[in-house]
Structures are given as C-alpha cells and as structure tokens.
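S.K.:
In structure tokens, the structure reads:
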C-alpha cells in the first residue's frame, strides 16, 4: 500500500482528488498539509480515512508518506516538490508543474537524482475522447489535418480558497497558465511540438483574463488558441481535415464528427469497446491516480506529463516573447488614452 | 497618486480602477471579498486588500499612504440599511486616514424619488423606494462626517448606468430580448437618464482630483434625454428586432396580477416539478429520495416526470421554445411611467466630463454584447461545416 500525502487542501483537492482517492486500491491517504491547519483537518475528516496525520510543514511529512499529491498555489510547486522528490517521495503535482523552464528543470533534476516518480496532473489525458483524437491524428484516419482551433472560455467561477490566481507573482500568469496548461499539454500530446507565431493578451501589468495564440506544429498544422475567463466560448477543440472535422468538447468529452459538405454531425460519447460491448469511460481523476500508482510500482521516474510540462513552460516563455496587447470590447484600455502601465 | 477603491470589483468600480490606473497613472488598492468577481480587475497591477469592507480599523490600515478613497460598494448580498451604513462608516474611516481626506461616493438619483418633473442638484430628496431611502441615509451619514471635518466629501449621483458588463441595464435587457419580449408601457413618458459606464468612471476619477474643501454633491447625466423606447430600441436593433413590445399600462398591470395568481397555484408546482433538474435536486435530499423510493415500492409513480405533466409531442425537439413576455417589476414600471429627467449640467462643468449620448454609448455596448455571446446564436455568424 502506497501512503499518499495531500499537500495543499484547496478546492481542487476537495472536489476532485479526494473523492477519486477513496476509490483507488493501493493508495491510502496518510497525511495532509495546508497553510490553514483547520482546512487540512477538514479534508482529513472528509477523506473518511483513519489515522491521517495533519502535518505542520513539509519536513513533518518525511517518513509519513511514500508519495504526495501537490495542489498548492503555482508559485509553491517547485519549492514544495523539490525537497519531497529529494527525499525519494513520488510526486503528482497539479498544473502547471511550474511556470518557468528553470523550475521545471530543477524539478526534473530532483526526480532523476532520487529516482522518484514526477508526474504532472494533466487529467484531460485520461478523458477517453482525448485519447481517441490522439489516435485519429497519429493514424491519420481522416488524412492530414488542415487546421486546429481551440476555444476555451467560461465566466470565471472557481471557488478558490485564496486569490493567488489573480496575483502575478503567485500564479505566474492568468488564463494562459490556468486553462492554457491543459490546452497546450493536450496539443503537444496530440501534435508533438508547437511554435508560437503570434500571441496577444489583455493584461496591463496584472494577469490576463483573455488571450489568443497562433501556433504551427512541426507538421505544419496551423493551430489557433483562444482562452477566456470572462465569457463563454465553445470549449471545444476543432480538428479540421480535408473531408471531415472532429470537434471535441474539452470538458464533457463529447465528440462530433462532421463530414465536409454536409450540415449534419454525428455526436457521441467515447467509451471502451470490448467483449462486453460499449462501456462508458471511468472518472479521469480516478484513472489519473491509478496511472500514478502504476508509475510508482514500475519505477517510471520522470513521466511524459512532466517532460511535456517543461515544453508547456517553454511555450509560456515563447508567448511572453511574442506578446502584443489584445484590444477588444472588454479590454481594460478600451476607449482610454493610456498613460499608465502597459 | 494612490487611491483606495471600495467596491472595485463591481460594474462601475472596475471601470473606475481602469480609468485611475490607465488614464491617470494612479496606484490603486482595491478591497476584495470574492476573487471570482475580480478577474477583470486582476489584469491591472492593483494592490489587493483582503478586508471585509466593514471593519473600520482594517480600512484605516488599508488606506494608509493613500491620497483619496472612492466608495462605490453596495451590499448586494444583504441590501439593508445597516449593512450600507457600515460600509459608509468604513469608507469614512479609510478616507480620514488619507493625506487629502478626500472621499468620492457614488450615490444615486433614486434619492430624489419620482415626485418632481425635473431634477437638479438642489432638488429636495424624497425617496420613494427602499433603495432610494437606503442611499439617502448613506449620504446623510457622509454629510455629517464632512461637516465634522473628518472627510472632504464628493457625492456623484448616477442614474441608469449601462455599458459592457452592466448587469441591470445591459445584460438583463439583452437576455430578455434574446429569449422573449421586453414589455414596456405604451407611450412611456418617464425619463430614461441613461449614462455610459465610462462617463461615470471618468467623472469619479476627476472628482478624486477635485481641488476643493467644500462638500460637493452633483448629478451625473447625459444631455440627450432618450426615451425608454429609444433606450431599449438601441439594444433591440442588434439583439432581436421586434423584441420590445409596448402594451397599454392596464394590460401590463393585469398581466402582472395574473402572473402573481398563477405563481400561487398548483400549476406553478407542477411546472417546477416538470423540470428534470428540479426533480434531480429534490432527489438529492435523503428524506425526499426515501419517500420517493417508498412511494414507488407501493405502486405510486414517484416524482412526476416531464412526460406525465405535459405529454411529449412528436416534433418537440424541432420546436423553438416559446418567447416569454418579460414584464417590468413594479420599480421599473414606475421608472418607465414617471421617472423625472435629471439635469447633469453642473457636474459636466465642474468635472469637465461630458457624458456621451445614447447613440455613441450604444456602439461599444453592442460590440461587447456580440463579444460576450449575448446576441442569439441565430444572429451570430454561421460557421462553415
């Protein structure tokens, strides 16, 4: 049985990871740690597990866990994960693994040094539809891709327990770092590599609420990414082939197949096809923890999600290098003669 | 210049901060209670103050080193007089600790009530709504503090504020026109007094810099005097032509009364239970789920299904939902019928801000509605397959 510590007891831990953990055999919650001890105690109680240690700091976890699920504010990921990895503690860290390439390198070096597993929590890789799209792309089922359009936007309503996500020094960025961590990981997983050609966002000294990136894959596929925390966008990835378009709902995993030249679409849920017929896919958070357990058992070391997280951080830097102001009806600068920060 | 803004995450407050930071290069501290509402504000380099805006000691700390305080907060979650006065006391505590003791308060023309035909800055307040009375109490508290010398007060009374992200006079009518008809009284003769949000924000920023020790209380208004029909017509044209319906006032009153009667009837319960989401929520309550299961085991069909209440027709899926008639609430009806015209000439001269007319203000507002996806899908550009 692998003893797991929960480091960071915010909403994502409460709403997603803790319920998933209770269903994964082979992992048991042994310790919880949060800057707010009452929050840690509350999650320990919610877990239903007995004998969960409420740790006072990271050093208090040593000897009490074999692995850690780190769900802290972004700026604490490297400083919390590196000592854990150096002690041989396996780490599954929430996205973004780190915002800078340098921090990613330090994390990867720490994992390689001790042989511990380092994995980034890219839960969308465990949504069956994402895997299907990856197969359709790699096998060129519908031929070569002409274009990919990704649009993900919601009016922000995540019940975060702190406001770190709006603080540049703590979050490292806004919607690009937040939703973009998932989107860029997915695209790199599907396509291999991306080059940023143009990037715009609406930050004026703070963190962006909207951004738009235009990229190209190594195979020459044009990729358009639009992200927003201010408005509802389609929340789809639309992969256009010459004779068909596959559109995946980024959140529900529903998939549309649109044959070029028709006005109809085939929409379906993606599940597994086996001897027992079609079965729905399991909860991706459960699958993610099972994969983490499997990585630990086979000594996987630095996993592909962690190395891709470094590539994602590299794309953040490329976006920053190409950055231009995104003007539009919701820009803070709209109709203002700006003399202040840019 | 450094300014503390109370209510910075709201519709007006966010644009006040944009104005102060981007146009005037000010440093802004912003009080925040719920970061989810602060995503727009987070784009600027504001300093966050995680204080409940009703703790005077916390407010004094928050405003230390500031030159002025802007108070555009309103206790929407518990809109009672005591909560609003607590906010004002906190604003006074904050302003009295600033170098200039300047407090700019965003008030409302609702304090005047609907009795006068024309409202100037000197019109005697006679509020006839709970909101107007509450805001007048706030002004009176702030006046006393000004007279006692603890603050230097500027009150800007705004009326119908519209523009991007505006909940009451932009998002709501656009939504109502999208899924139904917005009902106005025929020949509504009340004044609309619409003012674009950026003009309010610009006025607030100028008021922060106003160099006077005297108390100032002025009304903000544009000079174009649009009718309510013209105001909603400006949205209607873009959202759904034909969405504004003008009914005789007696017909509106009768429809409101009929709706009240209907909501007290068993049919209202049936309609609610006909909604699968409502049934699912009810079934989350263990007691109801248990009774439902017991009932089913005894042969009762349990919570009624949609099919049971309204038999499904063959072509339901292809049918468009019926358009709803959005009737005005009593407050809006009163505004439509007898709201007096507000004169904003003194503020225009004092602050040097000339609020744009509706024709100018509606252009960016419509652009934003399109951007926000509040224009119906049918009117948006069709995407090629």
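Protein chains in written order, with my numbering: chain B, 4 to 345; chain S, 74 to 458. Each residue gets a CB set at the ideal place from its N, CA and C atoms; glycine is no exception. Bear in mind that the values here come from a model prediction, so they are computed numbers and not experimental data.
Give the list of continuous alpha helix (DSSP H) stretches no shorter than 4 residues that lie fully inside the region 203-286 of chain S.
M.R.: If we require 4 residues or more, the alpha helix (DSSP H) runs fully inside the region 203-286 of chain S come out as 203-220, 245-252 and 270-281.
S.K.: Which runs of the beta strand (DSSP E) spanning at least 3 residues fall entirely within the region 231-316 of chain B, listed in chain order?
M.R.: Runs found: 239-244, 247-252, 258-262, 268-271, 274-277 and 280-283.
S.K.: Three or more C-beta pairs under 8 Å: does that hold for the region 229-236 of chain S against the region 264-272 of chain S?
M.R.: Because the criterion of three Cβ pairs below 8 Å is met, the region 229-236 of chain S and the region 264-272 of chain S touch.
S.K.: Give the residues of chain S in contact with residue 160 of chain B, contact being defined as C-beta atoms less than 9 Å apart.
M.R.: Near residue 160 of chain B (Cβ distances below 9 Å), the residues of chain S are 109.
S.K.: For the pair the region 341-357 of chain S and the region 264-284 of chain S, tell me if three or more CB-CB distances fall below 8 Å.
M.R.: Not touching, per the Cβ criterion.
S.K.: Residues of chain S with CB under 8 Å from residue 364 of chain B, in chain order?
M.R.: Beyond the ends of chain B as shown, which are 4 and 345, falls residue 364 of chain B; an answer cannot be given.
S.K.: Would residue 131 of chain B pass as a contact of residue 121 of chain B if the rule is Cβ separation under 7 Å?
M.R.: No, the Cβ-Cβ distance between residue 131 of chain B and residue 121 of chain B is not below 7 Å.
S.K.: What residue ranges within the region 139-174 of chain S form continuous alpha helix (DSSP H) runs of no fewer than 4 residues, ordered along the chain?
M.R.: Listed in chain order, the complete alpha helix (DSSP H) runs (minimum 4 residues) inside the region 139-174 of chain S are 154-169.
S.K.: Residues bridged to residue 227 of chain B by DSSP?
M.R.: Answer by DSSP bridge pairing, in chain order: B:152 and B:217.
S.K.: Tell me whether residue 27 of chain B sits in a helix, a strand or coil according to DSSP, three-state version.
M.R.: Note: residue 27 of chain B maps to coil in three-state DSSP.
S.K.: Residue 224 of chain B and residue 111 of chain B: beta carbons closer than 7 Å?
M.R.: Not closer than 7 Å, so no.
S.K.: Distance, Cα to Cα, residue 309 of chain S vs residue 52 of chain B?
M.R.: Near 58 Å, if we compare the C-alpha coordinates of residue 52 of chain B and residue 309 of chain S.
S.K.: Report the neighbours of residue 235 of chain B on chain S: residues whose CB is nearer than 9 Å to its CB, in chain order.
M.R.: 445 and 446, listed in chain order.
S.K.: Return helix, strand or coil for residue 458 of chain S, following the three-state DSSP convention.
M.R.: Its pLDDT being 37, under 50, residue 458 of chain S is placed unreliably in this model, and the coordinates cannot settle the point.
S.K.: Residue 51 of chain B CB to nearest chain S CB: under 7 Å?
M.R.: Output row for residue 51 of chain B: interface = no.
S.K.: Name the DSSP bridge partner or partners of residue 122 of chain B?
M.R.: Residue 122 of chain B is bridged to B:95.
S.K.: Out of B:139, B:175, B:233 and B:45, point me to the one whose CA is closest to residue 81 of chain B's CA.
M.R.: Ranking the options by Cα distance to residue 81 of chain B, first place goes to B:175.
S.K.: Find the residues of chain S that neighbour residue 346 of chain B, judging by a C-beta separation of less than 7 Å, and give them in chain order.
M.R.: Absent from the model: residue 346 of chain B. The displayed extent of chain B is 4 to 345, so no value can be given.
S.K.: DSSP three-state label for residue 5 of chain B, please.
M.R.: In the structure shown, residue 5 of chain B sits in a strand (DSSP, three-state: E or B).
S.K.: Just to confirm before moving on: does the CB-CB distance between residue 132 of chain S and residue 103 of chain S stay below 7 Å?
M.R.: No, they are not a contact pair.
S.K.: Please tell me whether residue 203 of chain B has its Cβ less than 7 Å away from any Cβ of chain C.
M.R.: Absence of chain C from the displayed structure is noted, the protein chains being B and S.
S.K.: Can you list, in chain order, the residues of the region 131-153 of chain B whose Cβ is nearer than 7 Å to any Cβ on chain S?
M.R.: Against chain S - using a Cβ distance shorter than 7 Å - the region 131-153 of chain B contributes no residues.
S.K.: Three-state secondary structure (DSSP) at residue 142 of chain B?
M.R.: Three-state result, residue 142 of chain B: coil.
S.K.: Note the first and the last residue of the continuous beta strand (DSSP E) segment covering residue 290 of chain S.
M.R.: Its beta strand (DSSP E) spans residues 289-292.
S.K.: Quick one, which of B:310, B:155, B:327 and B:338 has its alpha-carbon nearest residue 96 of chain B's?
M.R.: Of the candidates B:310, B:155, B:327 and B:338, the one whose C-alpha sits nearest the C-alpha of residue 96 of chain B is B:310.
S.K.: So, do the region 205-215 of chain S and the region 311-326 of chain S have three or more beta carbon pairs nearer to each other than 8 Å?
M.R.: Verdict: no, contact absent.
S.K.: Would you kindly work out how many angstroms separate the C-alpha atoms of residue 426 of chain S and residue 420 of chain S, rounded to a whole number?
M.R.: Each residue's Cα considered, the two are about 8 Å apart.
S.K.: Which residue from S:84, S:80 and S:98 puts its Cα closest to that of residue 279 of chain S?
M.R.: Closest by alpha carbon: S:98.
S.K.: Beta-carbon of residue 232 of chain B versus every beta-carbon of chain S: anything under 7 Å?
M.R.: By this cut-off, residue 232 of chain B is an interface position.
S.K.: Applying the criterion that 16 or more other CB atoms from any shown protein chain within 10 Å of the CB defines a buried residue, is residue 231 of chain B buried or exposed?
M.R.: Flag for residue 231 of chain B reads buried.
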